[in-house]
Every structure is written in structure tokens, then in C-alpha cells.
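Protein chains: 2
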Amino acid sequence: MKRLIVDMDDVLADTSQAILEAFNTINHTNYNKEYFRNKVFYEFINQAQFESIRPMIEAKGFFADLPVMADAVQVMHDLQAKYDVFVVSAATEFPNSLEEKYHWLANYFPFIHWKNFVLCGDKSIIKGDIMIDDHEKNLKTFEGESLLFDAVHNWHLEGYQRVHNWKEIELLLN
Amino acid sequence: MKRLIVDMDDVLADTSQAILEAFNTINHTNYNKEYFRNKVFYEFINQAQFESIRPMIEAKGFFADLPVMADAVQVMHDLQAKYDVFVVSAATEFPNSLEEKYHWLANYFPFIHWKNFVLCGDKSIIKGDIMIDDHEKNLKTFEGESLLFDAVHNWHLEGYQRVHNWKEIELLLN
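First to last, the protein sequences are chains A and B. Counting from 54, one number per residue, gives the positions in the first sequence under the working numbering. Counting from 54, one number per residue, gives the positions in the second sequence under the working numbering.
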């Protein structure tokens with residue numbers, strides 16, 4: 054059975070939406086994702102003229118209530134029949150996120166066994182057959198097949214097979 | 054630079070000692086590690102006649118104050134010059150341990166970067182060159198070299214290169 058490695062932020066959870074809402078709240082702005090079609094997302098929101106969102110991301114609570122991506126629960130559930138599915142999330146940068154991510158996953162994806170959940174920093178330590186992730190840094194060190202999950206911060210990135218939603222993943226992997 | 058994968062419980066932290074103390078406390082017994090030289094540790098402590106320690110291990114606090122293994126801090130510090138050292142701990146079985154393990158590690162081993170810390174369930178997902186662990190289930194799925202760290206629950210196990218303390222590891226790996 055092939056091992057499928059699935060990222061959490063911006064793949065299972067719409068973390069960029071929560072980041073953008075946090076940014077808008079503290080900066081009294083009203084940007085939506087489409088505004089960043091021709092901009093570099095993190096570069097834009099980290100400009101000195103804006104209030105930093107980092108304290109909000111570091112605080113307890115930020116990762117507890119992230120919106121779940123459309124169709125992720127059903128497709129992840131069905132993929133278990135064909136793949137050994139692991140959820141691998143970069144989390145150790147934000148220690149307050151560790152338990153929140155665990156409980157978020159257990160809430161939306163109760164069929165994922167605790168054995169198949171990884172919280173880490175550098176994903177180059179992970180081995181598997183297929184990786185779905187939104188960050189080039191994770192895909193480029195992975196030895197198996199790569200799928201880039203479309204995200205507001207990777208619209209400029211080329212050279213990877215891009216998937217835009219979970220229905221596309223279902224068609225590709227089932 | 055070779056990647057060295059180091060386990061936490063019973064390798065960096067003396068978790069068996071804490072388990073044995075918890076067991077003695079709730080069962081009003083006075084066993085020490087040497088008593089288990091010719092017994093199977095987990096089989097013995099999980100007998101129906103004894104009060105289970107599982108609720109204590111699942112509760113908040115158990116993993117917060119584990120004793121650190123002798124010489125582990127100094128040897129781990131020095132090994133960073135020669136190896137890319139990752140600490141990989143099975144933790145997702147006990148969600149309350151996640152943040153406690155992070156803070157324990159940050160306290161005793163502040164020189165380990167958050168990028169090099171992994172909390173997981175099944176370690177067969179981990180790749181690297183050398184693994185130091187006390188459990189056969191982790192060593193037997195690892196593709197690199199294995200070192201079995203001597204522990205009260207693995208005294209019966211054969212077929213692995215056994216190390217008894219951190220000074221032995223220093224001699225072997227430096």
C-alpha cells in the first residue's frame with residue numbers, strides 16, 4: 054500500500070484565510086485572497102508599514118478553529134481504502150499549536166489514527182510515496198511524487214503538478 | 054553531514070524510572086529497575102492484579118518533569134558538530150504530552166532547533182542515517198544504522214547493537 058503524506062495548513066485547513074482575516078482585523082484592511090494573484094503574499098503582509106500578525110499566530114487559539122477545506126473530509130476518508138495516509142504538519146515553530154492541531158485533526162478527521170499523525174519542523178526527514186503540500190521547501194526535499202496544493206502564497210511557483218481542490222485530488226489518486 | 058535520529062523516552066529522558074515510580078505510588082509497592090532483569094517489564098506492570106498507570110500517563114504533567122539521562126545534554130551538544138541531529142518522539146498516543154515534551158526538550162536541550170524536533174506515532178515514516186532508540190518496533194523499520202539504547206523493557210531483546218549510556222554513544226559516534 055502506497056504511503057500518502059498530506060500537509061495540514063493550506064491543504065486540510067484553510068490557514069491562509071485565517072491569516073488574512075487576522076491581518077485585516079489588526080490592520081483595519083479588507084483584503085481577500087484574489088488581491089494577491091499578482092503579489093507575493095508573505096512579502097506583502099510582512100511589510101513594515103503593517104502590524105505584524107505573528108503574535109496572533111503564536112498565541113493560544115489561532116490553530117484551534119481553522120476552517121476545514123471543502124471536500125477534504127470525504128476524500129481523505131475514501132483515500133484510506135487505497136493508501137496508508139499520514140498527516141504531516143510543520144508545527145514546532147509554534148508550540149501552542151501542537152495540541153490545537155492534534156484536536157483539530159481528531160475533530161474533523163477522527164478516522165486518522167494517532168499513529169499516522171506527525172508534528173514536525175523540517176519535513177525533509179519524512180519518507181513516503183506521494184506528498185501533497187503547499188510549500189516548495191517541503192516538496193523539493195521529498196523523494197516520492199509531489200502534488201502542489203494551490204495556495205495564495207504559491208501562485209507564482211512553477212515546476213510542480215498543481216491541484217486546486219480535494220475533488221481534483223480524488224480524481225487523480227482514486 | 055549524516056542525520057542522527059535520537060529518541061526521547063528512555064534515551065534522553067528516564068521515562069521508565071518515572072513509570073516505575075508512578076506504578077509504585079499507586080500500587081504501594083517498591084520495585085526498582087533491577088527487579089525486572091529477568092522479567093518482561095510491561096507484561097509485569099500491566100497485570101490485572103495491579104492498578105493501571107495509564108490514567109497517570111495520560112494526564113497533564115506526567116511528561117513535564119521527567120529526569121534527564123546522565124551525560125545526554127553534553128554528548129548531544131557535542132554531536133551537533135558532526136551530525137544533523139533530530140529528536141523524534143512517539144507522542145501522539147498521549148495528546149497531553151505534546152507541549153510538555155516540547156518544553157522539556159527546549160529546557161534541557163536549548164541548542165536543538167525547533168526544525169529538528171518531531172512528535173509522531175509510527176516512526177517508520179522517518180528517514181535518516183543512524184537511529185538511537187529503545188524499541189525494536191522503531192529500529193526494525195529504519196533503513197539506516199541502529200543503536201538500541203538499553204532500557205528496563207528491552208533487556209531480553211537480542212540482535213541489535215546495544216548502548217548502555219551516553220558516554221558509550223560519545224565513544225561510538227565521535
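Glycine included, every Cβ here is placed at the ideal spot set by N, Cα and C.
Q: Use the C-beta contact count for residue 193 of chain A: other C-beta atoms within 10 angstroms, 16 or more gives buried, fewer gives exposed.
A: Per the 10 Å Cβ criterion, exposed.
DSSP state of residue 142 of chain B mapped onto helix, strand, coil: In the three-state scheme derived from DSSP, where H, G and I count as helix and E and B as strand, residue 142 of chain B is classed as strand.
To the nearest angstrom, how far is the alpha carbon of residue 168 of chain B from that of residue 86 of chain B?
The straight-line gap separating the alpha-carbon atoms of residue 168 of chain B and residue 86 of chain B is approximately 34 Å.
Between residue 112 of chain B and residue 224 of chain B, what straight-line distance do the alpha-carbon atoms span, to the nearest angstrom? Roughly 38 Å between the two C-alpha positions.
query: In whole angstroms, what separates the C-alpha of residue 120 of chain B from that of residue 67 of chain B?
result: Approximately 5 Å between the Cα atoms of the pair.
Helix, strand or coil for residue 211 of chain A per DSSP? Residue state, collapsed to three classes: coil.
- Task: Give the DSSP-derived three-state secondary structure of residue 96 of chain B in the structure shown.
- Result: Here residue 96 of chain B sits in helix by DSSP.
Q) Given a threshold of 16 other Cβ atoms within 10 Å of its Cβ, counted over all protein chains shown, does residue 181 of chain A qualify as buried or as exposed? A) Label assigned to residue 181 of chain A: buried.
request  = Flag residue 175 of chain A as yes if its beta-carbon sits less than 9 Å from any beta-carbon of chain B, otherwise no.
outcome  = Cβ-Cβ to chain B under 9 Å: yes for residue 175 of chain A.
Chain B residues whose Cβ lies nearer than 7 Å to that of residue 169 of chain A: The contacting residues are 174, 175.
**Prompt:** Quick one, are the C-beta atoms of residue 82 of chain A and residue 76 of chain A less than 9 Å apart?
**Reply:** Yes; because the gap between Cβ atoms is below 9 Å, this pair is in contact.
Self-check item: Positions along the segment 90 to 123 of chain B whose CB lies within less than 9 Å of some CB in chain A
Solution: Nothing from the segment 90 to 123 of chain B brings a Cβ to less than 9 Å from some Cβ of chain A.
Next item on the list: Could you tell me the distance, in whole angstroms, from the CA atom of residue 202 of chain B to the CA atom of residue 151 of chain A?
Entry: If you draw a straight line from the Cα of residue 202 of chain B to the Cα of residue 151 of chain A, it comes to about 27 Å.
Margin query: Can you check which of these residues, A/104, A/226, A/209, A/144, is closest to residue 198 of chain A by C-alpha distance?
Written below: Each of A/104, A/226, A/209, A/144 was checked against the Cα of residue 198 of chain A, and the nearest Cα belongs to A/226.
Check: Of all the residues that make up the segment 153 to 168 of chain A, which are near chain B by a beta-carbon distance shorter than 9 Å?
Finding: So the list reads 154, 155, 156, 159, 166, 167, 168, given in the order they occur along the chain.
So residue 59 of chain A and residue 140 of chain A are supposed to be a Cβ contact under 8 Å. How far apart are they, rounded?
At roughly 5 Å, the Cβ-Cβ gap stays under 8 Å, so residue 59 of chain A and residue 140 of chain A are in contact.
message = Counting only Cβ-Cβ distances shorter than 7 Å, please list the residues of the segment 187 to 210 of chain B near chain A, keeping chain order.
response = Listed in sequence order: no entries.
Can you tell me the Cα-Cα spacing of residue 148 of chain B and residue 155 of chain A, whole angstroms? Between residue 148 of chain B and residue 155 of chain A, the alpha-carbon positions lie close to 7 Å from each other.
Check: Mind checking residue 146 of chain A: buried by the 16 CB within 10 Å criterion, or exposed?
Finding: Answer is exposed; the Cβ neighbour count stays below 16.
Any beta carbon of chain A sitting closer than 9 Å to that of residue 144 of chain B?
Yes, residue 144 of chain B lies at the interface with chain A (some Cβ there is under 9 Å from its Cβ).
Practice task
Determine the chain B residues that contact residue 178 of chain A at a beta-carbon separation under 9 Å, and present them in chain order.
Solution key: Within chain B, the residues near residue 178 of chain A are 56, 58, 139, 141, 169, 171, 178, 179, 180, 181.
**Residue closest to residue 74 of chain A, alpha-carbon to alpha-carbon, out of A/101, A/110, A/138** = Residue 74 of chain A has its Cα closest to that of A/110, out of A/101, A/110, A/138.
- [ ] Keeping to the same chain, check which residues put their C-beta closer than 8 Å to that of residue 173 of chain B; ignore five residues upstream and five downstream.
- [x] Shown here for residue 173 of chain B: same chain residues with a beta carbon closer than 8 Å to its own, the five before and five after excluded, namely 141, 142, 143, 144, 145, 179 in chain order.
**OP:** Taking only the alpha-carbon atoms, compute the straight-line gap between residue 106 of chain B and residue 91 of chain A and give it to the nearest angstrom.
**Re:** The straight-line gap from Cα to Cα measures roughly 57 Å.
Within its chain, find whatever has a CB closer than 8 Å to the CB of residue 84 of chain A; leave out the 5 residues flanking it on each side and keep chain order.
The residues are 73, 76, 77.
Legend entry - Where residue 151 of chain A meets chain B, residues with beta-carbon distance less than 8 Å: At a C-beta separation below 8 Å, residue 151 of chain A has these neighbours in chain B: 151, 152, 155, 172.
Look up residue 59 of chain A in the DSSP assignment and say whether it is helix, strand or coil.
Looking at residue 59 of chain A - three-state DSSP - the assignment turns out to be strand.
Apply the 10 Å Cβ neighbour rule to residue 136 of chain A and answer buried if 16 or more other Cβ atoms are within range, or exposed otherwise.
With 16 or more other Cβ atoms within 10 Å, it is buried.
- Check whether the Cβ atoms of residue 213 of chain B and residue 189 of chain B lie closer than 9 Å to each other. Contact: yes.
message = Measuring only the C-alpha atoms, how far is residue 102 of chain B from residue 118 of chain B?
response = Rounded to the nearest angstrom, the two C-alpha atoms are 28 Å apart.
Exercise for review: Quick one: residues in its chain with C-beta nearer than 6 Å to the C-beta of residue 98 of chain B, no 5 flanking neighbours on either side, listed in chain order?
Suggested key: Same-chain partners within the cutoff: 76.
Kindly indicate which three-state DSSP category residue 201 of chain A falls into: helix, strand or coil?
Strand at residue 201 of chain A.
Following the continuous alpha helix (DSSP H) through residue 126 of chain B, name the residue where it begins and the one where it ends. 125 to 132 is the span of the alpha helix (DSSP H), which, as asked, contains residue 126 of chain B.
Nearest neighbour of residue 108 of chain B, chosen from B/79, B/218, B/211, B/122 [CA to CA]
In terms of Cα proximity to residue 108 of chain B, the closest of B/79, B/218, B/211, B/122 is B/79.
**OP:** Measuring alpha carbon to alpha carbon, tell me which of B/124, B/153, B/222 ends up nearest residue 114 of chain B.
**Re:** Nearest C-alpha to residue 114 of chain B among B/124, B/153, B/222: B/153.
Query - Residue of B/95, B/127, B/93 minimising C-alpha distance to residue 219 of chain B - result: Out of B/95, B/127, B/93, B/127 has the C-alpha closest to the C-alpha of residue 219 of chain B.
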